[in-house]
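Asker: Got a structure for you, questions after.
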Amino acid sequence: MADANDKVKDNVAGRFFVDSQCIDCNLCRETAPKNFKQNEDAGYSFVYKQPENDEELGQCKEAKEACPVEAIGDGGEASDLKSQNHRSHTLPVSE
Ligand code: SF4
13 MADANDKVKD
23 NVAGRFFVDS
33 QCIDCNLCRE
43 TAPKNFKQNE
53 DAGYSFVYKQ
63 PENDEELGQC
73 KEAKEACPVE
83 AIGDGGEASD
93 LKSQNHRSHT
103 LPVSE
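The opening residue of the sequence shown carries number 13 in the numbering used here; numbering runs sequentially from there.
The following block contains the structure:
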């Protein structure tokens, strides 16, 4: 599982990311070419654009599932929802 604390530095901020386990196999760049790019000098992939439509989102999810070393993370959903789960208790009604 990809580690959000171990992201490669080139990722753009947002839901998907690549961590340092990447072995530069090229699979994600073929699966989601609009979202993943190669850092040729360092020899890894990174997310250069977060998905902006359903097609790109599907390709990013596919790349994440197919990555042979599980270097792709999808951390956006949990963090987006986290702050909305706390409801304040109803205050006592005073008359
Ligand atoms: S599929 Fe995984 S290992 Fe292959 S280039 Fe992409 S992030 Fe790296």
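Ideal placement from N, C-alpha and C gives every residue a C-beta, glycine not left out.
Are there 16 or more other CB atoms within 10 angstroms of the CB of Asn65, so buried, or fewer, so exposed?
Answerer: The sequence position of residue 65 within the sequence shown is 53, counting from 1. With fewer than 16 other Cβ atoms within 10 Å, it is exposed.
Asker: Taking only the alpha-carbon atoms, compute the straight-line gap between Cys79 and Ala25 and give it to the nearest angstrom.
Answerer: Walking along the sequence shown from the start, residue 79 turns up at place 67. Walking along the sequence shown from the start, residue 25 turns up at place 13. Distance between the alpha carbons of Cys79 and Ala25 is about 20 angstroms.
Asker: Please list the terminal residues of the continuous alpha helix (DSSP H) segment that includes Asp66.
Answerer: Within the sequence shown, residue 66 is the residue found at index 54, counting from 1. Start and end: 66–78.
Asker: Run through DSSP, which three-state label would Asp22 get?
Answerer: As a first step, residue 22 is located in the sequence shown; it is residue number 10 there, counting from the start. Here Asp22 sits in coil by DSSP.
Asker: For a test of your reading of the model: does the CB of Asp22 fall under 7 angstroms from any non-hydrogen atom of the ligand SF4? Yes or no.
Answerer: Position 10 of the sequence shown holds residue 22. Answer for Asp22: no, Cβ out of range of the ligand SF4.
Asker: Would you report the Cα separation of Arg41 and Ser57, rounded to the nearest angstrom?
Answerer: Within the sequence shown, numbered from 1, the residue matching residue 41 stands at position 29. Within the sequence shown, numbered from 1, the residue matching residue 57 stands at position 45. In a straight line, the C-alpha of Arg41 is about 8 angstroms away from that of Ser57.
Asker: What did DSSP end up calling Asn17 once you bin it into helix, strand or coil?
Answerer: Numbered from its first residue, the sequence shown carries residue 17 at position 5. Correct three-state label for Asn17: helix.
Asker: Can you list, in chain order, the residues of its chain whose CB lies under 8 angstroms from that of Leu39, leaving out five sequence neighbours each side?
Answerer: The residue labelled residue 39 in the question sits at position 27 within the sequence shown. Ala75, Ala78, Cys79, Pro80.
Asker: Go ahead and label Pro45 buried or exposed: buried means 16 or more other beta carbons lie within 10 angstroms of its beta carbon, across all protein chains shown.
Answerer: Reading the sequence shown from its first residue, position 33 is the one you call residue 45. Pro45 should be labelled exposed.
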